[in-house]
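K.L.:
Note that numbering that gives the first Met the number 0 numbers the sequence shown so that position 69 is 68, with each residue one more than the last.
This structure is in structure tokens; I'll ask about it shortly.
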Amino acid sequence: MNTQNPLRGRTLAVAGDLSVEEQRYLYEKTRALKEAWRTGGDLEPFRVDDPELGVYLMFLEDSTRTKESFRNAACFHNVKLNVFDANTSSFKKSESIVDTVKMLYGYSRRSIFIMRTKTEGVCRALEEQVGDYAQRIGGETPVFINGGDGKHEHPTQEFLDEFTFLEQRGFDDSSIHVALIGDLQHGRTIHSKAEGLKVFRNVVVDLVAPEELALPETYKRKMRENGFEVREWGSIDEYLQSGHVSDTWYFTRLQLERMGDEVKEREDELRRAVTFRPDFLNQLPEGTRFFHPLPRHREKPVVPPFLDSTALNGWDEQSINGFFTRIIELALVAGKLGHDFTGQGPLPKPPSQPFISEVPITRKTTVQDRFKVGIKPVDEGIVIDHIARGHSEQEIWNRVDRIRRILNLNVRSSHGVFHTSDQEFKGIISLPDITEFSPTDLKKLAAVSPGCTLNIIKESSVASKFRLSMPPKIYNFQEISCKNPECITHPSGHQHVAPFFHRDGSEAFACHYCGKVHGYGDIWDL
Ligand code: NCD
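Right, dumping it as structure tokens:
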């Protein structure tokens, strides 16, 4: 990061990569640019004007608006524009994305890559891998802008949507009540709203979608954590009967290309639930505007063409705003704008809490005292205790089994499920032949069975005891993988990006790249 200009060199992989204040700065500058454009004012203060700056459009999935608005924005800036043709490139010869991008990076002194991919989490992985490479060779930090990755996020669409909502409100950011309607399950522009809508100080979100197209729980939770009031309906009909209808409707198309066959079979019925009909017209609040990231389905649009020339049409202006916001985004990450930004950037993650803590031994407990029920006493060795304490017997057995497999504990030992003094169940594994655990194994054990304790037994007494809780990050283990088949780390993609998870709440892990949330048992392959 550049200390003179905190926005220069920044990657935009997800909407949350810009803090709320940085987003507000982007919207202020976009407003000024749009005004200068409209009135024939001076546009030079916005223009990067650097033929050494390579802007690469790498669209590996179809695109019209995002690609064309970025192409036109890059032309505005007088930079070296490259439109990468995925169909005739080495991707066809199975080259990895990192290798391709590294090569292109070498062709310009400074580079910005704008990527659209079916694979999720690509920009974050490239930021890290090509960023490291740049550092090794002493080059400028490359920038990656996510123009939509699978069903994950679409941050630059998000920024143009928020700009449009603000514009609709005369740039009053005090509150928004917005209805999100359509395919909330697969719509990446919807997912980015869980962070992007934070630019408003008070947010009410109405989700309108049949169950099969409902917003994934992860994003609903994120919205609530961000202080939004979230309400839900299964169809526009039901929504209109609720009596508290928003004046800002944001529609999305059904993303059939990302749906399974069972859902596709019910296409017509699902589409009906989220398609606007003429008889709804008189039920809308005064001044309502409709928005849509576009494209609309030619035959069966959820926003039908009879609305095009009505006052409800907010989507045409919205689509043009993509050009202006993207000019400013390029100006920010290229370092042309941003010197006068004095606000708060993204907050660093709070330091992580230790997940292994030594528990004082209050009295010299003998192993015979502690582990007498059914477990053969150990003179020297290790006893893993309190495994999945309080869970069902079935769950405890599963956990015992998983610990044995993942830590490869096929040695002389005994194990079982026992009652605790509180009449709960817990698992115990006793390992007489093992006298120490490596830090990696301890971390694995903490990740597989948080809450358990590890007792080191010496001369038939508990010499030391550790309580393990869930580690804040999990990486560098052979036995883990992200279970989203579209994730850049998924083994089937052969992109050689190692899995990495952050703890998400008390019992789950989110993939650092694609954001998929896994129950903590689910990250393991064994
Ligand atoms: C959206 C996208 O690609 O995610 N379109 C866009 O960028 N303008 C929405 C969509 O494809 O439905």
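Just so it is clear, CB atoms sit at the ideal spot from N, CA and C, and this is done for glycine as well.
Being a predicted model, the structure only gives us computed values, none of them experimental.
1) Reducing DSSP to helix, strand and coil, say where G534 ends up.
2) Using the C-alpha atoms, what's the distance from S468 back to Q282?
3) In terms of residues, what are the limits of the beta strand (DSSP E) holding E51?
4) For C510, which beta-bridge partners are listed by DSSP?
5) If you follow the alpha helix (DSSP H) that V399 is part of, which residue opens it and which one closes it?
6) By Cβ distance below 6 angstroms, which residues in the same chain neighbour R401 in space, the five residues on each side in sequence not counted?
7) Please report the straight-line C-alpha distance between E228 and H190, rounded to a whole angstrom.
8) So which of V382, M222, E157 has the shortest CA-CA distance to S463?
9) Between which two residues does the beta strand (DSSP E) harbouring F417 extend?
10) Could you please give the first and the last residue of the uninterrupted beta strand (DSSP E) stretch that includes N77?
11) With burial defined as no fewer than 16 other Cβ atoms inside 10 Å of the residue's Cβ, what is the status of C74: buried or exposed?
12) Can you name the residues that DSSP bridges to D182?
13) Can you check which of these residues, E194, H185, R200, is closest to L255 by C-alpha distance?
14) Please confirm whether G380 and D440 have their CB atoms less than 8 angstroms apart.
15) Label M102 either buried or exposed according to how many other C-beta atoms from any shown protein chain fall within 10 Å of its C-beta, with 16 as the threshold for buried.
16) Run the proximity test for G120: is its beta-carbon closer than 7 angstroms to any non-hydrogen atom belonging to the ligand NCD?
17) Apart from the five residues on each side of it in sequence, which residues of its chain come closer than 6 angstroms, Cβ to Cβ, to I487?
18) Do N145 and E152 have their C-beta atoms closer together than 8 angstroms?
19) Do H153 and the ligand NCD come close, with the Cβ less than 7 angstroms from some heavy atom?
20) Which runs of the alpha helix (DSSP H) spanning at least 4 residues fall entirely within the stretch 245–286, listed in chain order?
21) Who are the near neighbours of P5 in its chain, counting only those whose CB is closer than 6 angstroms to its CB and skipping five residues on each side?
22) Taking C-alpha atoms, which residue in T65, L306, G242, G15 lies nearest to G514?
23) Please return the same chain residues whose Cβ sits closer than 6 angstroms to the Cβ of V301, not counting the five positions on each side in sequence.
24) I need the straight-line Cα distance from L165 to D171, nearest angstrom please.
25) Taking DSSP as the reference, what is the three-state secondary structure of I522?
26) With a threshold of 8 angstroms, are at least 3 pairs of Cβ atoms found where one atom belongs to the stretch 192–202 and the other to the stretch 317–330?
27) Got a sec? Which residues, its chain only, sit under 6 angstroms from F354 by beta carbon, not counting five neighbours each side?
28) Could you pull out every residue in the same chain whose Cβ sits closer than 6 angstroms to the Cβ of M0, ignoring the five residues on either side in sequence?
29) Going by the C-beta, is T251 closer than 7 angstroms to any heavy atom of the ligand COA?
30) What residue range is occupied by the uninterrupted beta strand (DSSP E) comprising F424?
31) Taking a contact to mean a Cβ-Cβ separation below 8 angstroms, would you say K472 touches F500 in this structure?
32) Closer than 7 angstroms: is that where the CB of G147 sits relative to any heavy atom of the ligand NCD?
P.N.:
From the atom records:
1) The first residue shown for the chain is 0 and the last is 525, placing residue 534 beyond what the model contains.
2) 53 angstroms
3) 49–58
4) F500
5) 392–405
6) V447
7) 16 angstroms
8) V382
9) 413–418
10) From DSSP, N77 is part of no beta strand (DSSP E); its letter is neither H nor E.
11) exposed
12) Partner(s): none; D182 has no beta bridge.
13) H185
14) no
15) exposed
16) no
17) T118, G120, V121, A124, Q494, V496, Y512
18) yes
19) yes
20) 260–264, 266–272
21) G344
22) G15
23) G181, F250, V273, T274
24) 6 angstroms
25) coil
26) no
27) A445, S468, P470
28) Bear in mind that the predicted position of M0 carries a pLDDT of just 47, short of 50, making it unreliable; the figure below should be weighed with that in mind. Nothing meets the Cβ criterion.
29) Absent from the structure shown: the ligand COA. Ligands present: the ligand NCD.
30) 424–430
31) yes
32) yes
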